[in-house]
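Colleague: The structure's right below; bear with me while I get my questions together.
Numbering (the numbering used here), first residue to last: 72 to 368.
What follows is the structure, encoded as structure tokens:
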């Protein structure tokens, strides 16, 4: 889940953090990804999902959080975004009922595709979610249901200073603006990987805007990505097509540059598309990219 290959790209920015140092911290927990993880791992010898495996998994992880005096706020997925790998319908040219029917079909297909990608998670039911929420009530732990995706709501809670960070293994959370992300918290270690957005930007030169651009190139829950383009090639593409190169004179004075609006997010991607369709390989990178694309096709 999330942006393909993004964790490996931001890995060098991870800060090993002792769980003891998180005492009294309030964290948003992406509950929905936990459910999918337990449905994949909590299985018997025949590969069937264990009855109440989701509750056992949540119980153990909750106990670990409470043992280290970490204060969780669980966030569950709400409605699935209709843009997830779907075609945008031309609403102006269709009757409302036709649009509703198409959106319903898109939603069913998205749910089917998501279950396929998550692997053997088709057994997840609303009752399981209610069971988990009831468990949280018994623990006295707060939870909420996001209007859309859980990781987006987690990032919002961070922005509102209601939590100190987000616990998730879904890299999409960076795209939604999360500033502090805790990963691999339940890997039998007494430390967790902590990612700060400011570290990712300073050490990897990856702003939130660039992370969204990478999602288009690498593929994510919302985009298919470009076949054969990995994290390194994606970074090179953004560097190659990110506007005025160093040392180039665009003919404007400094006052005009100061007033110039920030380049639209999609601009480098459009330049890459235009160059790719033109068939021109003028720079060393372009020649290398064309050569590598030909060898993999």
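Beta carbons are placed, not taken as given, at the ideal position from N, Cα and C, and that holds for glycine.
Determine the burial state of residue 286: buried for a count of at least 16 other Cβ atoms within 10 Å of its Cβ, exposed for fewer.
Modeller: Counting from 1 along the chain shown, the entry for residue 286 is found at position 215. Counting Cβ neighbours within 10 Å, residue 286 comes out buried, since at least 16 surround it.
Colleague: Could you give the DSSP three-state label for residue 376: helix, strand or coil?
Modeller: Because residue 376 is not part of the residues shown, which for the chain are 72 to 368, the question remains open.
Colleague: When burial is assigned at 16 or more other CB atoms within 10 Å of the CB, is residue 75 buried or exposed?
Modeller: Here residue 75 is taken as the residue at index 4 of the chain shown, counted from 1. Buried: at least 16 other Cβ atoms inside 10 Å.
Colleague: How long is the line joining the alpha carbons of residue 256 and residue 237, rounded to whole angstroms?
Modeller: Taking the first residue of the chain shown as position 1, residue 256 is located at position 185. Taking the first residue of the chain shown as position 1, residue 237 is located at position 166. Each residue's Cα considered, the two are about 11 Å apart.
Colleague: Sort out for me which residues DSSP pairs residue 236 with in a bridge.
Modeller: If you number the chain shown from 1, residue 236 lands on position 165. For residue 236, which the question treats as bridged, DSSP gives the partners 98.
Colleague: Return helix, strand or coil for residue 88, following the three-state DSSP convention.
Modeller: The count along the chain shown starts at 1 and reaches residue 88 at position 17. Strand at residue 88.
Colleague: Could you give the DSSP three-state label for residue 372: helix, strand or coil?
Modeller: Because the chain here runs from 72 to 368, residue 372 falls outside it and cannot be looked at.
Colleague: Can you tell me whether residue 230 is buried or exposed, with buried defined as 16 or more other CB within 10 angstroms of its CB?
Modeller: Your numbering for residue 230 matches position 159 in the chain shown. Residue 230 is exposed by the Cβ-count criterion.
Colleague: Relative to the C-alpha of residue 106, which candidate in 126, 115 and 97 has its C-alpha closest?
Modeller: On the chain shown, residue 106 is found 35 positions in, with the first residue counted as 1. Per the Cα distances, 126.
Colleague: Applying the 10 Å Cβ sphere with the 16-neighbour rule, what's the burial state of residue 128?
Modeller: As a position in the chain shown, residue 128 is number 57, starting the count at 1. Residue 128 is buried by the Cβ-count criterion.
Colleague: With a CB to CB cut of under 7 Å and the five nearest residues on each side skipped, what residues in its chain are close to residue 274?
Modeller: Numbered from 1 along the chain shown, position 203 holds the residue referred to as residue 274. Here the set comprises 83 and 84.
Colleague: Since residue 289 contacts residue 300 with CB under 8 Å, what's their CB separation in whole angstroms?
Modeller: Residue numbering aside, residue 289 sits at position 218 when the chain shown is read from its first letter. Residue numbering aside, residue 300 sits at position 229 when the chain shown is read from its first letter. Going by Cβ atoms, the distance from residue 289 to residue 300 rounds to 7 Å, so yes, they are a contact pair.
Colleague: Does DSSP classify residue 116 as helix, strand or coil?
Modeller: Numbered from its first residue, the chain shown carries residue 116 at position 45. Reduced to three states, the DSSP call for residue 116 is coil.
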